[in-house]
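Colleague: Have a look at this one before I ask anything.
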Amino acid sequence: MGLTPTRVHKTRIEDCYIVSGDDCIAVKSGWDQYGIKFGMPTKHLVIRRLTCISPKSATVALGSEMSGGIRDVRVEDVTAINTESSIRIKTAEGRGAYVKDIYVRRLTLKTMKYVFWMSGAYGSHPDEGFDPKALPVIQNINYREVVAENVTRPAQLDGLANDPFKGICMSNISISLTAKPKKVLWNCTDIEGITSLVTPKACDLLPEQPKPVDCAFPGDKLAIEGVKLMTCSA
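Every position in the sequence shown, counted from 1, becomes a number in the numbering used here once 70 is added.
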């Protein structure tokens, strides 16, 4: 069983070992018109020192029910073993809101179908009342310091044709492939961003920068990081 933080503010998840048939951590904030109307985002979320095993799902999923918005999520020092993907973004027409200001660093990945996975057409809906013109904003997504081995495809990145995912940054990433990788290693549509020191070379929509770049990770500390956990005994 994984964790599903939904509409949370100033939350810290750390030192967890999760084996799951679904996403190890699924970050959510509401579904379609209901999430838009309620309007409460998930924000200021810290996830660190996580070990995940999930052969059919993600280490950390953002969405697909993200219609209240997801902002300022910081993921670091994560190990995933025999897991379908690392950080997955899932959304669709009708979701509205945003997934933005996502910061990821120091991932160790072993036996993965995908390292990077973004889906703009994760299209299930609770009913027919959703607004297809409510398009999600996906922007400022940062990954750095990633080492992955035994990978089938480095990336499957699919934005929306009239709503591209923007501000994707990947730096200092080394991916070694399985003996039988996919023919197209980086499958990218409707995205915009950059890469720096990434192997194997990314798709043309994520051009390698002529000079090394470090993708962003905030230097400040969120208030929740200063809260000390207390040990209680009977």
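Don't be surprised by glycine CBs; every beta carbon is placed ideally from N, CA and C.
Counting only runs of 3+ residues fully inside the stretch 119-196, write out the beta strand (DSSP E) ranges in chain order.
Modeller: The stretch 119-196 contains, as complete beta strand (DSSP E) runs of 3+ residues, the segments 128-132, 140-153, 155-160 and 168-189 (chain order).
Colleague: If I follow the unbroken alpha helix (DSSP H) through residue 106, where does it start and stop?
Modeller: That run of the alpha helix (DSSP H) goes 102-108.
Colleague: What residue does the beta strand (DSSP E) around residue 80 start on, and which one ends it?
Modeller: 79-89
Colleague: Can you grab the Cα-Cα spacing for the pair residue 189 / residue 163, in whole Å?
Modeller: 11 angstroms
Colleague: What does residue 233 pair with, by DSSP beta-bridge criteria?
Modeller: In the DSSP output, where bridge partners are listed per residue, residue 233 has 230.
Colleague: Give me the residue from 170, 96 and 127 with the minimum Cα distance to residue 213.
Modeller: 170
Colleague: Would you call the stretch 93-102 and the stretch 122-139 touching, i.e. three or more CB-CB distances under 8 angstroms?
Modeller: yes
Colleague: Quick check: the Cα distance between residue 156 and residue 124, rounded to an integer number of angstroms?
Modeller: 10 angstroms
Colleague: Using DSSP's beta-bridge definition, name the partner residues of residue 225.
Modeller: Under DSSP, residue 225 shares a beta bridge with 186 and 256.
Colleague: If contact is defined by three or more beta carbon pairs under 8 angstroms, each pair taking one atom from either stretch, is the stretch 194-205 in contact with the stretch 274-285?
Modeller: Fewer than three Cβ pairs drawn from the stretch 274-285 and the stretch 194-205 lie within less than 8 angstroms of each other, which leaves the two stretches out of contact.
Colleague: Do you know whose CA, among 292, 167, 143 and 231, lies nearest residue 117's CA?
Modeller: 143
Colleague: DSSP on residue 198, reduced to helix/strand/coil?
Modeller: coil
Colleague: Verify whether the separation of the beta carbon atoms of residue 85 and residue 72 is less than 8 angstroms.
Modeller: no
Colleague: Where does residue 232 land, buried or exposed, given buried means 16+ other C-beta within 10 angstroms?
Modeller: Label assigned to residue 232: exposed.
Colleague: Are at least three pairs of beta-carbons, each pair with one atom in the stretch 249-264 and one in the stretch 286-300, less than 8 angstroms apart?
Modeller: no
Colleague: Using 10 angstroms around the beta-carbon of residue 150, count the other beta-carbons present and answer buried if the total reaches 16, otherwise exposed.
Modeller: buried
Colleague: Kindly indicate the opening and closing residues of the beta strand (DSSP E) around residue 265.
Modeller: 261-269
Colleague: Cα separation between residue 185 and residue 296?
Modeller: 31 angstroms
Colleague: Where do the N-terminal and C-terminal ends of the beta strand (DSSP E) with residue 297 fall, by residue?
Modeller: Counting along the chain, residue 297 falls outside any beta strand (DSSP E), and DSSP gives it neither H nor E.
Colleague: Give a yes or no on whether the C-beta atoms belonging to residue 211 and residue 238 are separated by under 8 angstroms.
Modeller: yes
Colleague: Going by other Cβ atoms of all chains shown within 10 Å of its Cβ, with 16 needed for buried, is residue 49 buried or exposed?
Modeller: Because the chain in this structure spans residues 71 to 304, residue 49 falls outside the shown range and cannot be described.
Colleague: By the 10 Å Cβ neighbour count, where 16 or more other Cβ atoms means buried, how is residue 224 classified, buried or exposed?
Modeller: Buried, because 16 or more other Cβ atoms sit within 10 Å of the Cβ of residue 224.
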